[in-house]
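Visitor:
Residue numbers (the working numbering), protein chains in the order written: chain A, 6 to 311; chain B, 279 to 598.
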């Protein structure tokens, strides 16, 4: 059977197509992600290119309102950047940070959770206490703390250049315990299965049993929390940017755009805040709805497939 | 004939919160090359623990408290982790009760066989696959090439147990430990699997330790058996001899409890009482509380496993 045929006949696809909410949110997510990553091709302006920005264009309303111009469909922000283009570029930054942070979390969490669960004993106790300590600091506190130190040492200019990897690191390190705990719990359950005993009897080394035999069987909950964690990471990034600790104004993410607009909301320029806000909500909602569907699909209590 | 396995005074203890228990108590037996040996007993008699102890796979809180296991002249209890890993799955393989559980659900049959072979031999994946197909054919699995790409859930229970046997066979071991290999299968499949194991052992001159509570199965397949009770061997001898003329009161009880040894319509025999928990084994002979022949000496002195006149070894004060 070819791979394509297998996919077409799978329960996953069948279940997915029967759930309009899942299909809808998948579609929305697909459009948003595609628009974000294709932004250099489809955006009417390049918001990073300062030569094309004219301060005289600033705070223009959307095209359909009085004073709007057709070249700025959703209006412009306080610096005269086309809002639509800036949102597309900003969404790319947000998604990039969200996925990057989750990859880092997953890497750390899986490694630590797997070792902790499989080896057990004192190492397990130690690693889980480290996770507890980490969890007792909120993501924002860690980010504010490290960000402040970083900016003082290297200066704001350098910070602007490394803001994306910096945010990925901060959000990634702040939330690995979620993963570690989930992985550990499911490793503990899998470890008692007989196929693990059989693998030991066959004479495989522990590392092979951990990574090749236990991990793939323990991945289901990881898949589910991954979707939720991407949404969480994007929100964390937006929140940090909103309080001015995330992406700089020159390379705004959705969060920093909302923040830029927020200063002008009371003077009637509502669009700078509203449009990025709507996009952010759509993005998070779509990811979370997909995550919910995936959780239901993979939950053996709700779904009894053969 | 050469000696394959020599177990001497093997003792396995578990330190539990409730106290120290001896799950396997001074077990000793010998196995010749190609010999088929049965370990029989009730649940909790220490059969499986003995099996695991042979390949040094007792996990905490258990430990091997003493004795020796010599396999082809090498002392297994003295090997390092790395060395014993080379023996496990290579020279000594183990087959478990439930084939549903012993195959990894997320790996294909082919992957599991190939990686078993590659764990012990430096061999290319292509060659390993060829060996896998050949082994699957040996255990009489139809269209083996197709099976390699299938996952365990796509096979029936009997088929899966054949695959498990194939995984054990692929490294051509000289000893297979089969821990209740047919208990989870239905009766018709049981006979097939046992017949397969028997013919494979004969063809490849493999030693077999068959761990089971099923005397009927053990009498068909093995040449010698050991009967275990509360962690100790109470009787060892040729299978035919023990089945026809059991000497130890426990063995006698076990055999007369078999339904096929009773005329139709009659009440079945049973051994009164239950096996003592390993935490409080009575002093003297562990069987004394359930034994009809028990005398004062049985409560005071533990009988050793001694050679008796008929040529087998029995641990009972009253067998001459």
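Note that CB positions come from ideal geometry on N, CA and C, so glycine has one too.
I need the straight-line Cα distance from residue 448 (chain B) to residue 476 (chain B), nearest angstrom please.
Guide: C-alpha separation (whole angstroms): 16 Å.
Visitor: Would you check if the distance between the CB atom of residue 54 (chain A) and the CB atom of residue 85 (chain A) is smaller than 7 Å?
Guide: No, the pair does not count as a contact, with Cβ atoms beyond the cut-off.
Visitor: For residue 384 (chain B), go through chain A and note every residue whose CB falls closer than 7 Å to its CB, in chain order.
Guide: Simply 221 and 222.
Visitor: Can you confirm whether the stretch 143 to 153 of chain A touches the stretch 234 to 249 of chain A when touching is taken to mean that 3 or more C-beta pairs between the two stretches lie within less than 8 Å?
Guide: Touching, yes, given that three or more Cβ pairs across the two stretches are closer than 8 Å.
Visitor: I'd like to confirm the pairing. Which residues does DSSP put opposite residue 308 (chain B) in its beta bridges?
Guide: DSSP, once it has assigned bridges, lists B:284 as partnering residue 308 (chain B).
Visitor: Between residue 274 (chain A) and residue 266 (chain A), what straight-line distance do the alpha-carbon atoms span, to the nearest angstrom?
Guide: Answer to the nearest angstrom: the Cα atoms are 7 Å apart.
Visitor: Figure out for me which residue from A:98, A:67 and A:134 has the closest Cα to the Cα of residue 260 (chain A).
Guide: Considering only alpha carbons, the answer is A:98.
Visitor: DSSP beta-bridge partners for residue 585 (chain B)?
Guide: Beta-bridge pairing links residue 585 (chain B) to B:591.
Visitor: Between which residues of its own chain and residue 386 (chain B) is the CB-CB distance below 8 Å, once the five residues before and five after are set aside?
Guide: Within the same chain, residue 386 (chain B) has close Cβ partners 426, 427, 428 and 429.
Visitor: Taking Cβ-Cβ distances shorter than 9 Å, what residues in chain A pair up with residue 398 (chain B)?
Guide: The contacting residues are 207 and 208.
Visitor: Tell whether a beta-carbon distance below 7 Å holds between residue 114 (chain A) and residue 181 (chain A).
Guide: Closer than 7 Å, so yes.
Visitor: Could you give the residue range of the beta strand (DSSP E) that holds residue 370 (chain B)?
Guide: Its beta strand (DSSP E) spans residues 370 to 373.
Visitor: How would you write the range of the alpha helix (DSSP H) that residue 33 (chain A) sits in, first residue to last?
Guide: Per DSSP, residue 33 (chain A) belongs to the alpha helix (DSSP H) from 25 to 42.
Visitor: Return the residue from the list A:141, A:200, A:36 and A:230 that minimises the CA-CA distance to residue 375 (chain B).
Guide: It is A:200.
Visitor: Specify whether the stretch 310 to 323 of chain B and the stretch 501 to 516 of chain B touch according to this definition: at least 3 beta carbon pairs, one from each stretch, less than 8 Å apart.
Guide: Counting Cβ pairs under 8 Å, three or more are found: they touch.
Visitor: Three or more C-beta pairs closer than 8 Å, one from the stretch 400 to 412 of chain B and one from the stretch 462 to 470 of chain B: is that the case here?
Guide: With the cut-off at 8 Å, the stretch 400 to 412 of chain B and the stretch 462 to 470 of chain B do not touch.
Visitor: To the nearest whole angstrom, what separates the beta carbons of residue 460 (chain B) and residue 471 (chain B), a pair I think is in contact under 8 Å?
Guide: That pair is a contact at about 5 Å.
Visitor: Can you name the start and end residues of the beta strand (DSSP E) that residue 512 (chain B) belongs to?
Guide: Residues 510 to 516.
Visitor: Name the one or two DSSP bridge partners that residue 318 (chain B) has.
Guide: Paired residues: B:490 and B:505.
Visitor: From the DSSP secondary-structure annotation, give me the bridge partner or partners of residue 283 (chain A).
Guide: Paired residues: none, contrary to the question.
Visitor: Rounding to the nearest angstrom, what Cα-Cα distance links residue 176 (chain A) and residue 365 (chain B) in this structure?
Guide: The straight-line gap from Cα to Cα measures roughly 47 Å.
Visitor: Is the separation between the beta-carbon of residue 235 (chain A) and that of residue 103 (chain A) shorter than 7 Å?
Guide: Cβ distance < 7 Å, so residue 235 (chain A) and residue 103 (chain A) count as in contact.
Visitor: Can you tell which of B:391, B:379, B:339 and B:333 has the C-alpha that lies nearest to the C-alpha of residue 363 (chain B)?
Guide: Of B:391, B:379, B:339 and B:333, the residue nearest in Cα terms is B:333.
Visitor: Give me the Cα-Cα distance between residue 299 (chain B) and residue 292 (chain A), rounded to the nearest whole angstrom.
Guide: The straight-line gap from Cα to Cα measures roughly 54 Å.
Visitor: Can you confirm whether the stretch 22 to 30 of chain A touches the stretch 281 to 298 of chain A when touching is taken to mean that 3 or more C-beta pairs between the two stretches lie within less than 8 Å?
Guide: Segments in contact, yes.
Visitor: Compare the Cα-Cα distances from residue 80 (chain A) to each of A:63, A:95 and A:289 and report the closest residue.
Guide: That would be A:63, whose Cα lies nearest to the Cα of residue 80 (chain A).
Visitor: Quick check: is the beta carbon of residue 372 (chain B) nearer than 7 Å to any beta carbon in chain A?
Guide: Yes, residue 372 (chain B) counts as interfacial toward chain A.
Visitor: Using the C-alpha atoms, what's the distance from residue 229 (chain A) back to residue 88 (chain A)?
Guide: Taking the straight line joining both Cα atoms gives about 34 Å.
Visitor: Kindly indicate which three-state DSSP category residue 599 (chain B) falls into: helix, strand or coil?
Guide: An answer regarding residue 599 (chain B) cannot be provided, because it is not within the stretch 279 to 598 covered by chain B.
Visitor: CB-CB under 6 Å to residue 510 (chain B), same chain, minus the five flanking residues each way: which ones, in chain order?
Guide: Same-chain partners within the cutoff: 303.
Visitor: Can you give me, in chain order, the residues of the stretch 188 to 202 of chain A that have a beta carbon less than 8 Å from any beta carbon in chain B?
Guide: Listed in sequence order: 198, 199, 200 and 202.
Visitor: Would residue 484 (chain B) and residue 445 (chain B) qualify as a contact pair, given that the criterion is a beta-carbon distance under 7 Å?
Guide: Cβ distance not < 7 Å, so residue 484 (chain B) and residue 445 (chain B) don't count as in contact.
Visitor: Using only CA atoms, which one of B:478, B:381, B:397 and B:500 lies nearest to residue 413 (chain B)?
Guide: Closest by alpha carbon: B:478.
Visitor: What first and last residue would you give for the beta strand (DSSP E) that runs through residue 347 (chain B)?
Guide: Start and end: 340 to 349.
Visitor: According to DSSP, simplified to helix, strand and coil, what is residue 303 (chain A)?
Guide: In this structure, residue 303 (chain A) counts as helix in the three-state DSSP scheme.
Visitor: Could you list which residues in chain A have their beta carbon closer than 7 Å to that of residue 438 (chain B), in chain order?
Guide: Within 7 Å Cβ-Cβ: nothing; residue 438 (chain B) doesn't reach chain A, min ~12 Å.
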